[in-house]
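Scroll down for the structure; my scribbles are underneath it.
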Amino acid sequence: MSSISPVAVSQHQARQDAVVKPKSKFRKYLPMYLSIAPYFVIFLAFSIIPTVFSLYLAFQKWDGIGQMSFIGFNNFTFALSDPKFGTAILNTFEIWFMSTIPMLFLALIMAFLLNQRTRSKFAYQISYFLPNITSIVAITLIFNSLFGEQFGLINTVLTALHLPAVQWLSDFWAMKWAIALLVIWRWVGYNALVYMAGLQSIPSDFYEAARIDGANTINIFFRITVPLLRPVILFTVISSTLGGLTLFTEPKILYGNNGGVGNQGLTMSLYQYWQSFATYHYGYGAAVSWIMFFILLAFTFVNWRIVQHGDN
Numbered sequence: 017m018s019s020i021s022p023v024a025v026s027q028h029q030a031r032q033d034a035v036v037k038p039k040s041k042f043r044k045y046l047p048m049y050l051s052i053a054p055y056f057v058i059f060l061a062f063s064i065i066p067t068v069f070s071l072y073l074a075f076q077k078w079d080g081i082g083q084m085s086f087i088g089f090n091n092f093t094f095a096l097s098d099p100k101f102g103t104a105i106l107n108t109f110e111i112w113f114m115s116t117i118p119m120l121f122l123a124l125i126m127a128f129l130l131n132q133r134t135r136s137k138f139a140y141q142i143s144y145f146l147p148n149i150t151s152i153v154a155i156t157l158i159f160n161s162l163f164g165e166q167f168g169l170i171n172t173v174l175t176a177l178h179l180p181a182v183q184w185l186s187d188f189w190a191m192k193w194a195i196a197l198l199v200i201w202r203w204v205g206y207n208a209l210v211y212m213a214g215l216q217s218i219p220s221d222f223y224e225a226a227r228i229d230g231a232n233t234i235n236i237f238f239r240i241t242v243p244l245l246r247p248v249i250l251f252t253v254i255s256s257t258l259g260g261l262t263l264f265t266e267p268k269i270l271y272g273n274n275g276g277v278g279n280q281g282l283t284m285s286l287y288q289y290w291q292s293f294a295t296y297h298y299g300y301g302a303a304v305s306w307i308m309f310f311i312l313l314a315f316t317f318v319n320w321r322i323v324q325h326g327d328n
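Each residue of the sequence shown is one higher than the one before, starting from 17 at the first, in my numbering.
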């Protein structure tokens with residue numbers, strides 16, 4: 017009868033443990049992996065895969081039903097030479113400039129004044145946030161009736177004051193201001209709350225010391241509040257830039273797919289929707305979306321450098 021060495025037994029047991037331990041660890045953490053798996057599955061299905069497919073589609077000619085045909089960079093070339101897309105880019109930047117700069121400046125002033133109050137802050141905060149959670153489609157329809165050229169409330173008031181009526185739906189600049197005013201009304205309160213959260217993180221000692229030194233409210237605002245709010249301002253500038261350069265719902269409901277008279281309400285997102293889902297040029301629409309992505313990336317970087325310039 018042969019005998020088994022204790023050393024051999026221990027080596028065999030070690031090999032078994034080496035095989036079993038990884039399996040037991042996987043089983044131990046399996047519930048955790050499964051608990052977070054739905055997020056990654058949804059992210060993969062509705063973000064990663066569509067993004068990769070849109071990049072592939074940008075080099076194809078496809079109407080959504082027939083066969084795809086590879087056309088190389090023709091979609092990009094046509095987009096960069098299309099005057100309507102150029103108009104859409106120009107309109108988008110003009111509307112962004114007309115809405116974002118006044119909106120952020122007004123939001124900062126509102127937050128600064130509200131932060132000085134000691135009573136009824138909560139009521140003001142609710143009223144500031146209400147436009148942001150209201151249905152944008154419903155609000156745009158209401159603004160559409162306000163901007164009506166013949167029976168709109170704004171022109172009715174102007175006529176009653178013996179002032180000339182504004183052609184909100186056909187005039188070059190009035191069409192852009194109609195969209196800009198709607199954007200300002202919707203987002204100024206939200207950004208004011210963001211600024212107010214940043215203001216509450218600033219120590220009150222700075223304000224007390226400034227007042228002891230004789231600084232007035234304007235000096236405190238520009239020399240203490242604005243510099244210390246630089247990170248928050250950077251956040252609102254970038255988020256407002258991304259939102260302003262992808263403006264879609266407001267011009268779509270106010271002026272339709274083509275941006276109204278002379279395409280003066282046409283934005284980049286509306287142009288992309290028009291080409292993809294109204295004329296069924298899905299390959300071309302995908303190319304436009306990628307051009308928009310690079311424009312947003314470049315413009316966001318420029319904004320970031322401008323806002324951060326004071327730190328250097």
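Don't be surprised by glycine CBs; every beta carbon is placed ideally from N, CA and C.
What whole-angstrom Cβ distance do residue i and residue j have, given they're in contact under 8 Å?
i, j, result
"LEU261", "MET284", "7 Å"
"ALA74", "TYR144", "Rounded, the Cβ-Cβ distance is 40 Å, inconsistent with contact."
"PRO152", "THR265", "The residue you asked about is not Pro; residue 152 is Ile in the sequence shown. That belief holds up - the Cβ atoms of ILE152 and THR265 are roughly 5 Å apart, short of 8 Å."
"ILE254", "ASN319", "6 Å"
"LEU200", "MET119", "Sequence check: residue 200 is Ile here, not Leu. That pair is a contact at about 5 Å."
"VAL304", "GLN291", "6 Å"
"ILE236", "TYR223", "6 Å"
"LEU332", "ALA104", "Because the chain here runs from 17 to 328, residue 332 falls outside it and cannot be looked at."
"LYS77", "SER85", "5 Å"
"LEU215", "ASN131", "5 Å"
Of the choices the options, whose alpha-carbon is the least far from that of residue i?
i, options, result
"SER115", "ILE240, LEU263 and ALA74", "LEU263"
"VAL204", "TYR300, ASN148, LEU286 and LEU244", "ASN148"
"PHE121", "GLN288, PHE238, ALA314 and VAL277", "PHE238"
"GLY299", "LYS44, ILE87 and VAL210", "ILE87"
"GLY272", "LEU185, LEU244 and SER63", "LEU185"
"TRP306", "GLY82, PRO54, ALA95 and TYR45", "ALA95"
"ILE170", "LEU162, LEU177 and LEU179", "LEU162"
"ILE294", "ARG43, THR67, ASP79 and ASP98", "Per the sequence presented here, residue 294 reads as Ala, with Ile not at that position. Out of ARG43, THR67, ASP79 and ASP98, ASP79 has the C-alpha closest to the C-alpha of ALA294."
"TYR211", "VAL57, GLN141 and PHE188", "GLN141"
"PRO99", "LEU312, ALA302, TYR287 and THR175", "TYR287"
"PHE188", "GLY82, THR67 and GLY275", "GLY275"
"LEU157", "LEU124, LEU179, LEU198 and LEU50", "LEU198"
"GLN166", "LEU177, VAL182 and ALA154", "VAL182"
Have a look at the DSSP bridge pairing and note the partners of residue i.
i, result
"PHE86", "GLN76"
Quick one: using the 10 Å Cβ neighbour count with 16 as the cut-off for buried, is residue i buried or exposed?
i, result
"HIS297", "buried"
"MET191", "buried"
"ARG321", "exposed"
"THR108", "buried"
"PHE309", "exposed"
"VAL36", "Residue placement at VAL36 cannot be trusted, given a pLDDT of 49 that sits under 50; what the coordinates show is reported in the next sentence. VAL36 should be labelled exposed."
"THR252", "buried"
"LYS9", "This structure gives no information on residue 9, because the portion of the chain shown stretches from 17 to 328."
"ALA314", "exposed"
"ARG202", "buried"
"PRO47", "exposed"
"LEU245", "buried"
"PRO267", "buried"
"GLY230", "exposed"
"THR93", "exposed"
"ASN232", "exposed"
"SER256", "buried"
"PHE150", "Reading off the sequence, residue 150 comes out as Thr, not Phe. Label assigned to THR150: exposed."
"ALA123", "buried"
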